[in-house]
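K.L.:
Dropping a structure here in structure tokens format, bear with me for questions.
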Amino acid sequence: MMKDFAMHIMDIAQNSVSAGASEITVEIFESERTDLFALTIRDNGKGIPADMIDKVTDPYVTSRTTRKVGLGLPLLKQHANSTGGSLMLDSAEGKGTEVRATFGLSHLDRQPLGDIAGTIVLLAAANPQIRFVYKHSTDTGSYIFDTVEVNQMLEDMSIAEAPVIRFLREMIEENLKEIKISG
Ligand SMILES: Nc1ncnc2c1ncn2[C@@H]1O[C@H](COP(=O)(O)OP(=O)(O)OP(=O)(O)O)[C@@H](O)[C@H]1O
Ligand SMILES: [Mg+2]
12 MMKDFAMHIM DIAQNSVSAG ASEITVEIFE SERTDLFALT IRDNGKGIPA
62 DMIDKVTDPY VTSRTTRKVG LGLPLLKQHA NSTGGSLMLD SAEGKGTEVR
112 ATFGLSHLDR QPLGDIAGTI VLLAAANPQI RFVYKHSTDT GSYIFDTVEV
162 NQMLEDMSIA EAPVIRFLRE MIEENLKEIK ISG
């Protein structure tokens, strides 16, 4: 089961939402010069207990009760490893969690980015109480989307209104084109 990056972001950010985070940051750094692609997702949620941290990247560990296997982290790790990269987990109970995965940008097993703009906007619209920050950097430049700034710009409109969702998605896509993100 190969996931594109938008799907990974949805999975990992959903873990942060479940962990009660009030701030979630998604960072992508990609460089053709160094052939690196790095995805970092950071939250201030409840964290992962120390005795669980080594186990969560193994596909049979989950704190879910509805299904026996957790797959978000293992699939991200498998994807990273298949491109010569790795997954790093840093978490402190009561403080938060950082998931960082690196990839070989030009590696044939590196999956496409997918609909990252749509995914970020959907996460923000579905969780209006959470601050989402999305930062994407390339050799050309960087772009930052921050729901605190977006809410100021929107004034009385809600991020969850369909026309607003469409507008924000297009706005992000335009900005990503300008910094020449990879496919
Ligand atoms: N950001 C996080 N904060 C706190 N705990 C986390 C976080 N990310 C993962 N975990 C813990 O690690 C477990 C494994 O996560 P993973 O995403 O791999 O599977 P899952 O969320 O349990 O199931 P799935 O993602 O397949 O629906 C989670 O059940 C949760 O206990
Ligand atoms: Mg999960």
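When you read off a place in the sequence shown, starting at 1, and then add 11, the result is the number in the numbering used here. Here a beta-carbon is modelled for each residue, glycine too, at the ideal position from N, C-alpha and C.
(1) Counting only runs of 3+ residues fully inside the region 46-127, write out the beta strand (DSSP E) ranges in chain order.
(2) Which residues mark the beginning and the end of the alpha helix (DSSP H) in which residue 158 is found?
(3) Residues bridged to residue 153 by DSSP?
(4) Whose CA, out of 130, 47 and 62, lies closest to the CA of residue 91?
(5) Per DSSP, residue 38 is paired with what?
(6) Rounded to whole angstroms, what's the CA-CA distance from residue 133 to residue 158? Just pull it up for me.
(7) If you compare alpha carbons, which of 136, 98 and 194 is closest to residue 176?
(8) Quick one, which of 68, 41 and 168 has its alpha-carbon nearest residue 16's?
(9) Mapping the DSSP letters down to three states, classify residue 141 as helix, strand or coil.
(10) Taking 7 Å as the cut-off, does the CB of residue 103 come closer than this to any heavy atom belonging to ligand 1?
(11) Measure the C-alpha to C-alpha separation of residue 121 and residue 98 and round it to an integer number of angstroms.
(12) Take residue 104 and list the residues in its own chain whose beta-carbon comes closer than 8 Å to its own, dropping the five residues that flank it on each side.
(13) Closest to residue 95 by CA distance: which of 85, 131, 106 and 115 is it?
(14) Quick one: give me the first and last residue of the alpha helix (DSSP H) that residue 33 is part of.
P.N.:
Result, derived from the coordinates:
(1) 47-54, 98-103 and 107-115
(2) 158-165
(3) 148
(4) 47
(5) 51 and 146
(6) 12 Å
(7) 136
(8) 41
(9) coil
(10) no
(11) 14 Å
(12) 57, 58, 59, 60 and 61
(13) 115
(14) Here residue 33 belongs to no alpha helix (DSSP H), and DSSP marks it neither H nor E.
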